[in-house]
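Asker: This is the structure, below, for whatever I ask next.
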Amino acid sequence: MLPIMEVEEASNDSMNGSWEGYSRFDAHVEKMLDSRIAGSNLLEGLCEPTSDEGKDKKEFSSLYCSKVADMSSEKKEAVWTDTPISASTPEVRGTPEDQEEKLEAVRERILAQHELEKTVPPTLPITTLWRKKQHRDLQQIATQPSIYDDPATAKYFQPTAKYENLHRFDPSARWTWAEELPLINKIDWKVTTWACIAFFALDLDRGNLSQANTDNFLEDLSLSTNDFNLGNTVFRVSFLCAELPSQLVSKKLGPDRWIPTIMCLWSIVAASQFWLSGRSSFLACRALLGMLQGGFIPDVILYLSYFFKGSELPFRLALFWVTLRVVDIIAPILAFGLLRLRGVHGYEGWRWLFLIEGLFTLVVGIWSWFMMAASPTQTKSWYRPKGWFSEREEVIMVNRILRDDPSKGDMHNRQAVDFKLLWKSLKDYDLWPIYLIGLIFNIPAGPPDQYLTLTLRNLGFGTMDSNLLTIPTQFIGAVTLTAAQMLILTYLSETLNERALMGAIGQLWILPNIIALAVIPATTSAWAKYAITTVLLGWPSPHALQVGWCSRNSNTVRTRTVSAALYNMFVQVGGIALSNIYRADDRPVYRRGNRQLTAICAGTIGLYGCVKLYYIWRNHTREKKWNAMSSEERLHYLETTTDAGNKRLDFRFAH
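Quick note: the UniProt record's numbering has the sequence shown finishing at residue 655, numbered continuously throughout.
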């Protein structure tokens with residue numbers, strides 16, 4: 001029998017960039033093929049390049065997978081199809097239904113075990129410089145270990161025949177940091193930049209109602225505060241109801257077709273608000289906008305997942321919320337100019353605001369038709385004959401994505417989603433505490449933000465001043481939001497291993513300010529009230545942190561995006577609730593509403609503590625069961641259990 005430990009040692013050397021390790025496979029490859037030994041290091045031995053003593057390292061990349069290239073087709077077939085399954089991956093037998101269920105359990109167990117092996121942090125554009133310094137020899141192998149390195153497990157994760165990138169799938173592919181880092185930056189320029197611009201257009205149309213309120217919008221249409229609340233509720237309900245149907249359509253037609261379509265449609269509706277005439281037309285437009293905009297964010301996340309690894313997505317999502325704050329800063333400046341058109345051709349300024357910003361989104365939507373590519377390997381078109389990427393870059397993109405998440409090869413980009421994953425995530429009671437946090441954490445700051453311009457008008461500020469005074473508030477919010485998502489999410493929450501306490505910081509920020517708004521005398525200076533509101537709305541939102549928390553506690557690659565979508569739906573439901581706290585009979589200072597927000601804020605702080613205690617209790621219960629098992633019992637459990645994801649006894653919840 002071939003000494004596997006020796007091969008493992010050489011494999012570890014090679015994955016760490018040790019040049020001596022590569023040549024140590026030479027003497028064993030043929031023996032391993034003839035013996036058809038199944039092991040987690042077999043494919044690494046076949047696919048890692050060799051390096052003879054004294055050979056120039058700059059020529060190293062030309063030797064990629066030379067062992068595999070020299071193999072006969074029969075031996076390749078033997079490795080990938082005939083290799084016996086190891087004890088940890090038992091063969092699946094039984095009825096077709098049983099086979100499907102058992103196969104899924106095996107896949108989940110393999111993926112869960114592999115998650116523990118990932119140690120390389122995500123590559124972000126802002127870390128490229130120091131990552132280059134860290135990897136001074138950029139010719140080192142950047143390819144990460146995956147289930148495709150083991151023929152015994154790889155057979156469970158072969159991409160479907162309809163997978164659009166199948167022609168670039170190559171488990172033996174290897175590449176260097178010098179190739180991967182510039183490629184990630186290139187993808188960011190092509191894909192992430194577009195996503196941020198599109199999100200800018202979305203939020204511009206979604207939030208310009210706030211600027212319209214400073215120009216007597218409600219008075220001109222004979223609307224009350226309650227009508228305004230109803231319009232926001234209708235929008236959020238439509239937004240929420242459209243989220244899943246839009247995802248289904250997007251997965252069937254493809255995000256590259258569906259996203260530009262809905263952008264053009266909602267921009268037409270947004271621009272048509274120029275002709276609003278009363279309550280009915282106002283509510284109809286809010287409903288249509290919600291229906292058309294509801295699926296945009298999950299559709300863009302789906303689109304980004306085609307190009308980025310799971311560990312790289314949180315940073316791109318954080319850019320989304322930073323973009324939102326950028327819109328909140330720029331929108332009042334635009335409104336300051338557009339609202340001055342009041343009286344042009346006899347129309348109010350808010351009508352011109354809706355029309356011009358809607359037409360801007362229409363331009364972005366039309367541009368998106370030509371900008372978006374269907375997939376990493378489908379970037380060529382009649383107007384882009386050369387495409388974005390070379391064949392080598394496409395191979396790297398496809399294989400780095402599949403090695404990170406093999407489930408992305410289970411479907412093609414024109415195929416509907418699986419409802420089983422949605423139902424499975426919905427039944428996962430261990431994620432409900434995070435869903436509950438998502439439901440209420442935004443409520444304490446929501447009404448003051450939503451009514452900011454109306455509040456400023458009530459305090460005696462004019463139309464133009466009310467718009468300009470929102471800029472400092474949004475600027476502070478942008479700074480704290482960026483700090484929360486880029487510092488707390490990616491550093492403190494991981495370094496300190498604290499999620500609940502980090503999330504509670506935002507509520508502790510809000511609480512004293514909302515108490516002040518609830519109790520200060522009506523005669524208090526308008527500038528004092530403005531200062532309190534500005535500090536309150538600068539709170540550090542933990543939204544991105546909690547999306548990552550939900551994903552981490554899912555612990556399965558296949559259900560993480562679904563659980564994150566469910567979390568976002570609960571956030572939208574919370575938005576519906578916050579739209580109805582400030583009422584017409586409570587204006588202009590909304591003292592009753594602020595007292596209600598104070599109670600909700602205090603309750604949210606308590607909820608964070610309860611969620612932390614719940615996960616500590618769950619971990620303690622499992623630890624007790626795990627420690628009661630002998631080493632043999634633990635090994636038997638790991639090899640035979642059908643528990644998947646966060647239901648495994650060896651999994652511990654983050655809190």
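The C-beta atom is built at its ideal place from N, Cα and C for all residues, glycine as well.
So the candidates are 472, 227, 277 and 429; which of them puts its Cα closest to the Cα of residue 330?
Answerer: Ranking 472, 227, 277 and 429 by Cα distance to residue 330 puts 472 first.
Asker: Taking the beta carbon of residue 354 as the centre, do at least 16 other beta carbons fall within 10 Å, making it buried, or is it exposed?
Answerer: buried
Asker: Is the stretch 296 to 307 in contact with the stretch 185 to 199, if contact means three or more CB pairs nearer than 8 Å?
Answerer: As far as the Cβ criterion goes, the stretch 296 to 307 touches the stretch 185 to 199, which means the pair count is three or higher.
Asker: Between which two residues does the alpha helix (DSSP H) harbouring residue 299 extend?
Answerer: 296 to 305
Asker: Do the stretch 502 to 515 and the stretch 239 to 248 make contact, defined as three or more Cβ pairs closer than 8 Å?
Answerer: Contact between the stretch 502 to 515 and the stretch 239 to 248 is absent: fewer than three C-beta pairs spanning the two stretches fall below 8 Å.
Asker: Going by DSSP, name the residue or residues bridged to residue 147.
Answerer: None; residue 147 has no bridge partner.
Asker: Can you name the residues that DSSP bridges to residue 176?
Answerer: Residue 176 is bridged by DSSP to 141.
Asker: Can you give me the C-alpha to C-alpha distance between residue 180 and residue 348, rounded to a whole angstrom?
Answerer: 53 Å
Asker: Straight-line CA distance for residue 617 to residue 384?
Answerer: 56 Å
Asker: Beta-carbon separation of residue 259 and residue 381 under 8 Å?
Answerer: The answer is no: Cβ separation not under 8 Å.
Asker: Within the same chain, show all residues whose beta-carbon is closer than 6 Å to that of residue 226, passing over the 5 residues directly before and after it, in chain order.
Answerer: 584
Asker: Would you kindly check if the distance between the Cβ of residue 377 and the Cβ of residue 165 is under 8 Å?
Answerer: yes
Asker: Could you give the residue range of the alpha helix (DSSP H) that holds residue 450?
Answerer: 446 to 450
Asker: Excluding sequence positions up to five away, which residues of its chain have a Cβ less than 6 Å from the Cβ of residue 201?
Answerer: Take residue 201, set aside five residues on each side of it, and the residues of its chain with a beta-carbon closer than 6 Å to its own are 361 and 364, in chain order.
Asker: According to DSSP, is residue 246 part of a helix, a strand, or is it coil?
Answerer: helix
Asker: Quick check: the Cα distance between residue 138 and residue 400, rounded to an integer number of angstroms?
Answerer: 17 Å
Asker: Three or more beta-carbon pairs under 8 Å between the stretch 274 to 291 and the stretch 227 to 235, yes or no?
Answerer: yes
Asker: So, does the stretch 607 to 615 touch the stretch 449 to 462, judging by three or more C-beta pairs under 8 Å?
Answerer: no
Asker: Output needed for residue 634: all residues of its chain with C-beta closer than 6 Å, excluding positions within five of it in sequence on either side, in chain order.
Answerer: Only residues of its own chain outside the window of five on either side were considered, and among them none has a CB closer than 6 Å to the CB of residue 634.
Asker: On a Cα-Cα basis, can you pick out the residue from 518, 325 and 444 that is closest to residue 656?
Answerer: What is shown of the chain runs 1 to 655, which leaves residue 656 out entirely.
Asker: Are the stretch 586 to 597 and the stretch 533 to 549 touching, with three or more C-beta to C-beta distances below 8 Å?
Answerer: no
Asker: Let me check one thing: in DSSP terms, what residues is residue 384 bridge-paired to?
Answerer: 381
Asker: Please go through the same chain and pick out, in chain order, the residues whose beta-carbon is closer than 8 Å to the beta-carbon of residue 456, but skip the five residues on each side of it.
Answerer: Within the same chain, residue 456 has close Cβ partners 214, 465, 466, 469, 470 and 530.
Asker: If I follow the unbroken alpha helix (DSSP H) through residue 404, where does it start and stop?
Answerer: 391 to 404
Asker: Classify residue 620: buried if its beta carbon has 16 or more other beta carbons within 10 angstroms, exposed otherwise.
Answerer: Under a 10 Å Cβ-count criterion, residue 620 is classified as exposed, with fewer than 16 other Cβ atoms of the shown protein chains found around its own Cβ.
Asker: Could I get the ranges of all uninterrupted alpha helix (DSSP H) runs contained in the stretch 522 to 576, with 4 residues as the minimum, in chain order?
Answerer: 526 to 537 and 543 to 554
Asker: Rounded to whole angstroms, what's the CA-CA distance from residue 542 to residue 345? Just pull it up for me.
Answerer: 46 Å
Asker: Are the CB atoms of residue 393 and residue 673 within a distance shorter than 8 Å?
Answerer: An answer regarding residue 673 cannot be provided, because it is not within the stretch 1 to 655 covered by the chain.
Asker: Would you mind giving the Cβ-Cβ distance between residue 292 and residue 265, rounded to the nearest angstrom? I have them listed as a contact below 8 Å.
Answerer: 5 Å
Asker: For residue 340, which residues from the same chain have a beta carbon less than 7 Å from its beta carbon, with the 5 sequence-adjacent residues on both sides left out?
Answerer: 349, listed in sequence order.
Asker: Take residue 321 as the anchor and find which of 174, 578, 632 and 545 has the nearest alpha-carbon.
Answerer: 545
Asker: Is residue 624 buried or exposed, if buried means 16 or more other CB atoms sit within 10 Å of its CB?
Answerer: exposed
Asker: Return the Cβ separation of residue 351 and residue 572 in integer angstroms, given the expectation that the two are a contact with Cβ distance under 8 Å.
Answerer: Rounded, the Cβ-Cβ distance is 29 Å, inconsistent with contact.
Asker: Taking just the CA atoms, how far does residue 328 sit from residue 503?
Answerer: 23 Å
Asker: For residue 312, is the classification buried or exposed, using 16 other Cβ atoms within 10 angstroms of its Cβ as the cut-off for buried?
Answerer: buried
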